[in-house]
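Peer 1: Numbering (this note's numbering), first residue to last: 2 to 181.
Note that CB positions come from ideal geometry on N, CA and C, so glycine has one too.
Since we're looking at a predicted model, the values are computed, not measured.
1. Is residue 153 helix, strand or coil by DSSP?
2. Run through the segment 113-158 for me and flag every whole beta strand (DSSP E) of 3 or more residues, listed as ranges in chain order.
3. Can you tell me whether residue 29 is buried or exposed? The criterion is at least 16 other CB atoms within 10 Å of its CB, across all chains shown.
4. Compare the Cα-Cα distances from residue 70 to each of 80, 53, 44, 61 and report the closest residue.
5. Per DSSP, what are the beta-bridge partners of residue 174 in this structure?
6. Consult DSSP for residue 22 and reduce its assignment to one of helix, strand or coil.
7. If you measure from the CB of residue 53, is any heavy atom of the ligand HEM nearer than 6 Å?
8. Go through its chain and collect everything with a Cβ distance to residue 14's Cβ below 8 Å, but skip five positions before and after it.
9. Express the C-alpha separation of residue 122 and residue 55 in angstroms, rounding to a whole number.
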């Protein structure tokens, strides 16, 4: 790999966002979490749009005219999240040469992935809470799925039975339980 490739990979990607509605707001929130991206502007015809309000709060410049925003130098990527027909052609005419346009359809796909990621993150937090509650119980708890595969064993179960969690989880409950 060349040194210039390595140095380019570590640079921060400067992003302009067009559209401050629900989709644009979610994209803005997710991009703010990335160390490799910096949102340097957002445009929406409605300055009261939620994405514009969030951008103002974050100190990101807000524009009502996306063409004026695109005439500013120093951006690498444009995310068009309006879904307005024909806007892509206008952006292509005005954007800086060498910048990349991510169109509404791709932004929608990104949004769906982001939403699924958020749901999974929420489920993970819920599972962590549930596990903590069940581990605090004094009773032994073992859970198996419909096929009989042990999916969870709390600490009390392991303490009472003297069987480690890893010796039960993933095995069939009927294969690892004493016959009686």
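Peer 2: So, from the listed chains and residues:
1. strand
2. 143-145, 151-154
3. With 16 or more other Cβ atoms within 10 Å, it is buried.
4. 44
5. The partner list for residue 174 (beta bridge, DSSP) is empty, contrary to what the question assumes.
6. Here residue 22 sits in coil by DSSP.
7. This structure lacks the ligand HEM; in fact it carries no ligand of any kind.
8. Excluding the 5 residues flanking it on each side, residue 14 has same chain C-beta neighbours closer than 8 Å at 37, 38, 39, 77, 78, in chain order.
9. Residue 55 and residue 122 have their C-alpha atoms some 22 Å from each other.
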